[in-house]
Structure formats: C-alpha cells, structure tokens
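Here's what the structure looks like:
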C-alpha cells in the first residue's frame, strides 16, 4: 500500500465514495458504500465513516464534501457566496464533532429574481475538474443538475435545474409513465432527439409534456419511445435555458464541460450536440481532485507542486 | 317529477355526473357517482349506466360526453378538428353498442409545432358555457387544464397544460412535497401570490421549482407555505403561457371566463387577477347545457326556442 496523504470523501444523500490519495494528490484507492446521509440512523455518522474507511491509515487528514455538511448531515457547514474560490472554501471548513473530519462548505448564489440557489458537493467536483487557468461553462447532470461558470479556480455563478427529479416522478407516477409502460428498454435515440428538439424550441413545458400523450395517441410516438422522448424534452429545455443563462452573463456557451461518467452524462452529450454545442468530458474522480485542492488551500496537506 | 326530455351524462375518467333535463333544457335533477371509466370493470358500462340513472324514464334520449368516448371508454368516438362547431359535433355522434346512448366526439387541434392536442368532454362544457353570439377566451382548470377560444358556437382552438397533474406528483412524490409536509392546511394567499408572480415572470420552470427548496432553506418560505407557493408558480406559468398563446392568435386576453366551481377555480381567479386579467365565472352545469345544445343540433331533442 502506497503512503496515504489524504482521505477524501464525497458524501451525498444516497451514497458515499471514499478516496485514498497519495502525497501527489493521485487516487490510490476508491470505495463506494450506500451509506448516504439519508441511510445513516440516529446520527451515527462516526460509525458510518469507520465502516467506509475501515483498514485505512487513521492518522492521515480526512476531508469530505456534499450533503454531509447540510442541516440533515453530520454538522452544518456554511455556504460560501459566489464567486467562491478554493481559498474561501478552505478557510471556512466545518469540523465533525469528536472527529478529525473537515467538511467543505456549500456555495450559494442568487438568481435574477434574488432567489437563492445552493450546491453542496458540486463545488468540489467543479473545482477538481477545472484547472486554475481555465474558464469553463460546466454541467453536472443529475437529480438536480447544476450548470456553473468556473473561472480561475472560482465558482463564479451557477444555476440548478430539477430535471432528473422531475423526469423520475413523471415516469413513476404520472400519466406519462403509464403511457411509457414500466419496462426500461434500450435507448431510443430518435425519440430522444425529437424530445430534445421540442425542448430546445422553448415552448411552455406544462403544455409540451402533454405532447407525449397526444403523440402516443396519434401514433407519432410508440409506447417504448415515450420515456426517452420525455427525457429529451426535459434535457433539451435545460440545455436551452442554461445556454440563455450563460449568454445573459456574456459567456461563450459554444463549449460545455460535462462532469459525470454515467449514461445520463451520455444523454447530455447527445443533447448538447443536437443544440450545436461542443461537449467535453471532465476528468474522472473530479470530487477527489477537488477535495485535494481544497485540502491544499486549507493547509491540511502540503505538496511540492499542485496537481 | 317534471317530464324528462333528455338525460345528459358528463362521464369522465374518475367520476360520472348525470343530468335530467326538461323540454326547455333546464336541469331538473343531477346525480354524481364515482364510476368514471377507470372504475368500470370488464367493460360493463351498461351496468354502470343503469346504476347511474336508475329510476329515470328509460324512454327519453340519452347523450354523454367525456372519456366515455375514448379508446378506454365504451366506444371510441371520433375527434372533430378545430374549429369544431355544435353542428359538427352533433353530426358525428358515436353510439354505444346495444344502448341508445349517443356519445359526443372529442376535439383535436395542432399546436405551432404541429403536435396534436386533444380534449374530450371539455368541448361540451365550453359550448354549454359560451353563448352563440359570444367570443370568449376560457379556461377549464383541472388535472389537464384547457384554454380555449370559443367564438359563435365553435371551439376555434385550444391548448392543454398538465398543471394539475404536475402539482399532484410533485407534492406527493418529490423533494418539494417533503418540504411541504403532508398535512393540507389553510390556503396561504401570500405564498400563492408570490408563486404566481414567479410563474408570470416566465423563467425556466425546471429552475424555478427548485426555488421552493432554497426559499425554505433560507427562511423565505415556511413549510406550510411551500405547497401554495408551488401551486401559484405553476398556475402563474400557465396563465402567462396561455395569455401569450391567445395573443399570438390576435385575441384579446384581458378577459377570461373560468369554467369551474371548485377551490381550484378560485385559485385561477386569484392568479388571473394577479396577472391583471379580468375573470368571469362560467354558468353552473356547463356540461348539461352543452349536452342539451349538441342534442338539439343532432336532432335528438327539439325545442321551440334554444336556451
């Protein structure tokens, strides 16, 4: 076993992923457990952590990001206001009680109407994925997708879309899900792209989603296509709205970095392509890189040359 | 018992309402039963109908509208293309097998993208609610709200919004419902209007709905206000989008007729008022009036003077 310099944990609502990093910030080992904060009973985060990193060197520093720092987590970490730099995040780490675990703050911004928007965990992935000399428009697809402007090691601004959660509840519980049937099948590329086109057209979503029903009724959409058409509709809307959001800030939205490694990220790449946007994939283990960088800025670890 | 001239039935997915009408088209009696087509087993619509109108004169003509004419109903009635007149509806009645029940066709239109939109039952309420010399922009609030232009006894065009269904699945199954808690409380007028204002502003719904979470997090919205804020957001969006839809057709959208008599219709009146639109309530028993008028045009009943 190579010498561990830092244990980093991406600890979310449904799962936790732990990384063992060496003195150069490279990932030596990773572990996943379904012990997200929702699954931890009676506040026994200490026991959950012990299970997650069992057998690892207990003397090295530990740092976590994500919902572990929320009100429902181990200890509530503050929100750092945008633009949020690595230095600001490192300066405002919270500490789990009776444990040497540092917890990265969340980030808060306000939209045009003055309503707050928040992230916990994504800031770490963003700052792990984007180099200190880059200016990037990035998306983290998910239950609550985040689009962010990351510039020179700072999260300048971001906006959240409930795309994944809305898709999930509509398929599981609405008329649209009944139309789609309940057997996930192979990906229907054509139906997805037709949905994306509809979403990019920027109509009224409350109306457009009803289109799945009428298309199914008029034989414009087969039952097995309904789910992917709806997925495309929602992702297409998100892409269109996020592009407009970036452009309102004077940002070039012709290139987007997709941070994620799953089938959902693949869908986003397709939708971006349909929208004429060039997509690039972020590095793997973005959270590990981000945790390493925050730890460096906080003085928890030191490195001759930052990765 | 006054002499019955027509039995009219508004037969939807979850409930059926039967009307006994006299020779002047006036409602003598009404009955509600929870025997919507979803609750009728093994296609026994004849038994359901017998139960619904038990004791009424079996010799008078019967006419029904709504989902009873859908593929899942008793017999599939056609869709009449917009603009759909009383005459066109009367000319294309379907007939239930082995029963003298006439079934009013649905209506179909196509939106700007060429995607079909459909209604079954609402066309009858609309034509029952709007006089033959009127030009009206009308809304039928509901699971799938319909906005329609009704002019001179014709449904000229309409558009559907999945507002009610989306609200229902979000409150029952999403994070927003968990924030709201599960005890329906008294109506939170202020939170509703704040939601309406947000909806009328016409941002991206996938983003705006996440605002309920951040407002709750930052103490901008109390738990008991979340549901009404979300209701306002969705209805506000619908009102804004429907107004734009009417204006694109060159229609005056400063006055809207609200067809409905429940608490949901009250909410629409408030949202319309917040949008600076004058709301008027439609007549009660719009379906009964519409069924009477279709029956007259079809020659099923005759009247010296049409109501």
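Residue numbers (our numbering), protein chains in the order written: chain E, 4 to 310; chain D, 4 to 310. A virtual CB, placed ideally from N, CA and C, is assigned to each residue, including glycine.
Check: Per-residue burial, residue 109 of chain E [other beta carbons within 10 Å of its own, 16 or more giving buried]; Outcome: buried
Check: Contact check, residue 20 of chain D vs residue 10 of chain D, beta carbons under 8 Å; Outcome: no
Check: Partner residues on chain D for residue 177 of chain E, Cβ-Cβ distance less than 7 Å; Outcome: 168 and 172
Check: Interface residues of chain D facing residue 164 of chain E [CB-CB closer than 8 Å]; Outcome: 207, 209, 210 and 213
Check: Collapsed DSSP secondary structure at residue 122 of chain D in the structure displayed; Outcome: strand
Check: Strand pairing of residue 143 of chain E, partner residues [DSSP]; Outcome: E:149
Check: Per-residue DSSP class, three states only, for residue 15 of chain D; Outcome: coil
Check: Whole-angstrom C-beta distance between residue 206 of chain E and residue 235 of chain E, which should lie under 8 Å; Outcome: Wrong, their Cβ atoms sit about 14 Å apart, outside the cutoff.
Check: Chain-ordered chain A contacts of residue 45 of chain D [CB-CB under 8 Å]; Outcome: The chain inventory of the structure shown lacks chain A, comprising the protein chains E and D.
Check: Candidates E:282, E:246 and E:137: closest to residue 259 of chain E by CA position; Outcome: E:282
Check: Strand pairing of residue 22 of chain E, partner residues [DSSP]; Outcome: E:11 and E:33
Check: For residue 249 of chain D, the first and last residue of its enclosing alpha helix (DSSP H); Outcome: 229 to 251
Check: Short CB-CB distance (under 8 Å) between residue 147 of chain D and chain E; Outcome: yes
Check: Three CB pairs or more closer than 8 Å across the stretch 124 to 143 of chain D and the stretch 57 to 74 of chain D; Outcome: yes
Check: Close-in-space but distant-in-sequence residues of the same chain around residue 95 of chain E (CB under 8 Å, 5 per side omitted); Outcome: 80, 81, 83 and 108
Check: Beta-carbon proximity list for residue 310 of chain E, same chain, < 6 Å, skipping 5 on both sides; Outcome: The pLDDT assigned to residue 310 of chain E is 44, lower than 50, so where the model puts this residue is not dependable; a value taken from the coordinates is nonetheless given after this. Correct list, in chain order: 28.
Check: Nonlocal neighbours in the same chain, by C-beta distance under 7 Å from residue 219 of chain E, ignoring five residues either side; Outcome: 182, 226 and 229
Check: Under 9 Å by beta carbon: chain D residues contacting residue 241 of chain E; Outcome: 207, 209 and 210
Check: Residue range of the unbroken beta strand (DSSP E) whose run includes residue 84 of chain E; Outcome: 82 to 84
Check: Contact with chain D by residue 309 of chain E, beta-carbon distance below 8 Å; Outcome: Low per-residue confidence applies at residue 309 of chain E: pLDDT is 47, beneath 50, and the placement is therefore not dependable, though the value from the model is reported in the following sentence. Closer than 8 Å: no.
Check: Residues within the stretch 251 to 272 of chain E neighbouring chain D, beta-carbon criterion of under 8 Å; Outcome: none
Check: Terminal residues of the alpha helix (DSSP H) in which residue 174 of chain D lies; Outcome: 166 to 176
Check: Cβ of residue 25 of chain D within 8 Å of any chain E Cβ; Outcome: no
Check: Given residue 212 of chain E as reference, the closest of E:190, E:188 and E:238 once Cα atoms are compared; Outcome: E:238
Check: Continuous beta strand (DSSP E) stretch holding residue 283 of chain E: start and end; Outcome: 281 to 284
Check: Proximal residues to residue 86 of chain E (C-beta, below 6 Å), its chain only, five neighbours per side dropped; Outcome: 157 and 159
Check: Bounding residues of the beta strand (DSSP E) (the contiguous stretch that carries residue 189 of chain D); Outcome: Note, residue 189 of chain D: premise wrong, no beta strand (DSSP E); not H, not E.
Check: Alpha-carbon spacing of residue 273 of chain D relative to residue 128 of chain E, whole angstroms; Outcome: 44 Å
Check: Start-to-end residues for the beta strand (DSSP E) that takes in residue 261 of chain D; Outcome: 258 to 261
Check: Residue 151 of chain D versus residue 174 of chain E: straight-line alpha-carbon distance, rounded; Outcome: 28 Å
Check: CB contact check: residue 41 of chain E to chain D, cutoff 8 Å; Outcome: no
Check: Cβ-Cβ distance between residue 72 of chain D and residue 106 of chain D below 8 Å; Outcome: yes
Check: Close beta carbons around residue 293 of chain E, own chain, < 6 Å, minus the five adjacent residues each side; Outcome: 127, 128, 130 and 131
Check: Nearest residue (CA-CA) to residue 57 of chain E, options E:276, E:165, E:99 and E:34; Outcome: E:34
Check: Top-ranked residue by Cα proximity to residue 147 of chain D, from D:170, D:154, D:214 and D:136; Outcome: D:170
Check: Partners in chain E for residue 120 of chain D, counting only beta-carbon separations shorter than 9 Å; Outcome: 210, 213, 214 and 217
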